[in-house]
Amino acid sequence: MKTILITGGAGFIGSHVVRLFVTKYPEYRIYNLDKLTYAGNLANLSDIEDAPNYTFIKGDITDAKFLEDLFAEVPVDGVIHLAAESHVDRSITDPMAFVMTNVVGTVNLLNAAKNSWVANGFDGKRFYHVSTDEVYGSLHNPEEFFTEETPYDPQSPYSASKAASDHFVRAYGNTYKMPVVLSNCSNNYGPNHFPEKLIPLMIHNIRNNKPLPVYGKGENVRDWLYVVDHARAIDTIFHNGKLGETYNIGGFNEWRNIDLVNLLCSIMDRKLGRPEGTSAQLITYVTDRAGHDLRYAIDAHKIMNELGWEPSLQFEEGLEKTVDWFLNNQEWLDNVTSGNYQSYYESMYANR
Ligand code: NAD
Ligand code: TYD
Numbered sequence: 001m002k003t004i005l006i007t008g009g010a011g012f013i014g015s016h017v018v019r020l021f022v023t024k025y026p027e028y029r030i031y032n033l034d035k036l037t038y039a040g041n042l043a044n045l046s047d048i049e050d051a052p053n054y055t056f057i058k059g060d061i062t063d064a065k066f067l068e069d070l071f072a073e074v075p076v077d078g079v080i081h082l083a084a085e086s087h088v089d090r091s092i093t094d095p096m097a098f099v100m101t102n103v104v105g106t107v108n109l110l111n112a113a114k115n116s117w118v119a120n121g122f123d124g125k126r127f128y129h130v131s132t133d134e135v136y137g138s139l140h141n142p143e144e145f146f147t148e149e150t151p152y153d154p155q156s157p158y159s160a161s162k163a164a165s166d167h168f169v170r171a172y173g174n175t176y177k178m179p180v181v182l183s184n185c186s187n188n189y190g191p192n193h194f195p196e197k198l199i200p201l202m203i204h205n206i207r208n209n210k211p212l213p214v215y216g217k218g219e220n221v222r223d224w225l226y227v228v229d230h231a232r233a234i235d236t237i238f239h240n241g242k243l244g245e246t247y248n249i250g251g252f253n254e255w256r257n258i259d260l261v262n263l264l265c266s267i268m269d270r271k272l273g274r275p276e277g278t279s280a281q282l283i284t285y286v287t288d289r290a291g292h293d294l295r296y297a298i299d300a301h302k303i304m305n306e307l308g309w310e311p312s313l314q315f316e317e318g319l320e321k322t323v324d325w326f327l328n329n330q331e332w333l334d335n336v337t338s339g340n341y342q343s344y345y346e347s348m349y350a351n352r
């Protein structure tokens with residue numbers, strides 16, 4: 001019997017990780033700790049919320065006392081830490097929120113886990129930090145990929161805060177011999193993606209005939225991975241990753257933003273019964289993001305060769321599934337864009 005604390009489990013990736021662990025490991029006890037910020041939405045987990053091995057805890061990782069109390073009460077064996085501020089554009093306008101949650105929150109969580117584990121030794125314990133490839137900075141040479149040896153060179157307040165948290169996790173592994181493991185993943189897409197990020201924003205705007213804001217010339221490149229494949233990789237690393245190691249996760253799937261938006265337009269034209277080319281007319285080039293990283297591309301050979309993980313979906317198939325999910329879950333999207341989901345779930349949680 002293992003007790004696992006997953007942080008950020010009401011968010012986009014966290015909800016897929018929680019679902020995978022709750023359904024695949026009925027013998028585990030899964031706690032989902034989430035503050036329910038604008039990005040946290042319990043509707044993402046409505047299908048498993050009554051599972052007997054699942055408990056939701058509302059809480060803030062910037063609150064050290066709350067975490068100490070939680071670890072005193074719950075016998076946590078493993079932590080899978082995803083809670084974070086995750087949007088680069090927001091980090092440009094409000095960097096301190098990223099320092100607080102991503103850096104201070106991660107150190108609070110490390111302290112709470114260390115203090116509760118240290119008395120009985122670290123045997124059987126594991127602290128897994130889920131991070132991003134953005135810590136490596138921006139690639140300019142088309143031959144280059146991010147490997148686990150690429151030096152950190154974060155360029156945005158978001159990636160700087162994630163780099164700092166990665167460094168703290170490794171420092172706790174080195175200094176206190178805490179059993180830590182990390183992964184750095186490329187851009188995710190799929191169901192429950194918050195519509196401030198490129199793919200769900202474009203799907204939402206195409207459906208509503210709104211302009212499609214492409215930053216700069218649309219030439220920036222991202223390496224896209226289906227979110228369920230990321231959750232599978234997290235499961236693999238949590239169970240089989242070597243302590244102290246870092247694993248890069250990606251799908252060898254690079255797309256220029258403008259090509260991706262055009263592909264989405266064409267899929268949406270077909271699904272909505274619009275003549276081909278209709279949605280692409282909505283494309284609007286807008287002022288570039290400040291300090292916009294040119295290209296991210298992951299070399300995922302280490303996790304593939306050492307742990308046997310590989311992506312299960314081709315991009316076109318994943319994108320079709322994603323578009324279908326958003327078109328079939330318009331209520332989810334409307335609730336998120338109107339902000340209704342927060343008051344609804346707040347009151348539901350208060351009544352429990
Ligand atoms: P998200 O923004 O969708 O979800 C973040 C979750 O964390 C939300 O549920 C939010 O309520 C919660 N949270 C935020 N602040 C909190 C706090 N102070 N205390 C407790 N909970 C808090 O993010 P996501 O896209 O699902 O990303 C999850 C993790 O994966 C992040 O650590 C991110 O850096 C990392 N990551 C994301 C991507 C990506 O493409 N989205 C890629 C690689 C790595
Ligand atoms: P985003 O989904 O915010 O992820 P990240 O910045 O973490 O990679 O953005 C993906 C790419 O799309 C990035 O190059 C910025 C660009 N972009 C746009 O062109 N328009 C938009 O409205 C958004 C949100 C992003």
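UniProt numbering puts the sequence shown at residues 1 to 352.
Heads up, the beta-carbon is just placed ideally off N, CA and C, and yes, glycines get one too.
Report the CB separation of residue i from residue j in whole angstroms; it is logged as a contact under 8 Å.
{"i": "V336", "j": "F194", "result": "7 Å"}
{"i": "L82", "j": "T3", "result": "Wrong, their Cβ atoms sit about 17 Å apart, outside the cutoff."}
{"i": "N32", "j": "F56", "result": "5 Å"}
{"i": "Y128", "j": "V181", "result": "5 Å"}
{"i": "W224", "j": "F98", "result": "Between F98 and W224 the Cβ distance is about 23 Å, and since that is not below 8 Å, they are no contact."}
{"i": "G218", "j": "Y285", "result": "7 Å"}
{"i": "V58", "j": "D34", "result": "For the sequence presented, residue 58 should be read as Lys rather than Val. Their Cβ separation, rounded to whole angstroms, is 7 Å, which keeps K58 and D34 in contact under 8 Å."}
{"i": "residue 353", "j": "A297", "result": "Any property of residue 353 remains undetermined from this structure, which presents the chain solely from 1 to 352."}
{"i": "L333", "j": "H204", "result": "6 Å"}
{"i": "I206", "j": "L294", "result": "Actually they do not touch by this definition, with Cβ atoms about 26 Å apart."}
{"i": "I267", "j": "V214", "result": "In fact, because the Cβ distance is near 17 Å, the residues do not count as touching under 8 Å."}
Would you say residue i and residue j are within 8 Å of each other, going by their C-beta atoms?
{"i": "G121", "j": "I61", "result": "no"}
{"i": "L110", "j": "Y172", "result": "yes"}
{"i": "G250", "j": "A300", "result": "yes"}
{"i": "K162", "j": "S131", "result": "yes"}
{"i": "F146", "j": "N248", "result": "yes"}
{"i": "L67", "j": "N108", "result": "yes"}
{"i": "W309", "j": "R232", "result": "yes"}
{"i": "P191", "j": "T37", "result": "no"}
{"i": "P154", "j": "E134", "result": "yes"}
{"i": "residue 355", "j": "N187", "result": "This structure cannot speak to residue 355, because the chain is shown only from 1 to 352."}
{"i": "L5", "j": "V79", "result": "yes"}
{"i": "I234", "j": "V17", "result": "yes"}
{"i": "N44", "j": "V22", "result": "no"}
{"i": "D229", "j": "L313", "result": "yes"}
{"i": "E148", "j": "T236", "result": "no"}
{"i": "F71", "j": "V227", "result": "no"}
{"i": "S279", "j": "D288", "result": "no"}
{"i": "L212", "j": "V261", "result": "yes"}
Which residues does DSSP list as the beta-bridge partners of residue i?
{"i": "V79", "result": "L5, F127"}
{"i": "I57", "result": "L33"}
{"i": "P213", "result": "T284"}
{"i": "I298", "result": "F146"}
{"i": "C185", "result": "T132, I249"}
{"i": "V180", "result": "F127"}
Could you give the DSSP three-state label for residue i: helix, strand or coil?
{"i": "E254", "result": "strand"}
{"i": "V74", "result": "coil"}
{"i": "W117", "result": "helix"}
{"i": "L110", "result": "helix"}
{"i": "D223", "result": "strand"}
{"i": "H140", "result": "coil"}
{"i": "R352", "result": "Below a pLDDT of 50, predicted positions are generally treated as unreliable, and R352, at 40, falls in that range; the measurement from the model is reported next regardless. Correct three-state label for R352: coil."}
{"i": "T278", "result": "coil"}
{"i": "P95", "result": "helix"}
{"i": "L313", "result": "coil"}
{"i": "E306", "result": "helix"}
{"i": "D63", "result": "coil"}
{"i": "Y158", "result": "helix"}
{"i": "R19", "result": "helix"}
{"i": "R289", "result": "coil"}
{"i": "G173", "result": "helix"}
{"i": "A233", "result": "helix"}
{"i": "S86", "result": "coil"}
{"i": "residue 361", "result": "Given that the chain is displayed from residue 1 to residue 352, the structure contains no residue 361 and the question cannot be resolved."}
{"i": "I48", "result": "coil"}
{"i": "H193", "result": "coil"}
{"i": "I13", "result": "helix"}
{"i": "E27", "result": "coil"}
{"i": "K242", "result": "coil"}
{"i": "N205", "result": "helix"}
So, is the C-beta of residue i closer than 8 Å to a C-beta in chain D?
{"i": "T322", "result": "Absent from the structure is chain D; it holds one protein chain and no more."}
Is it the case that the CB of residue i approaches a heavy atom of the ligand FMN more closely than 7 Å?
{"i": "S131", "result": "Judged by which ligands are present, the ligand FMN is missing from the structure shown, whose ligands are the ligand NAD and the ligand TYD."}
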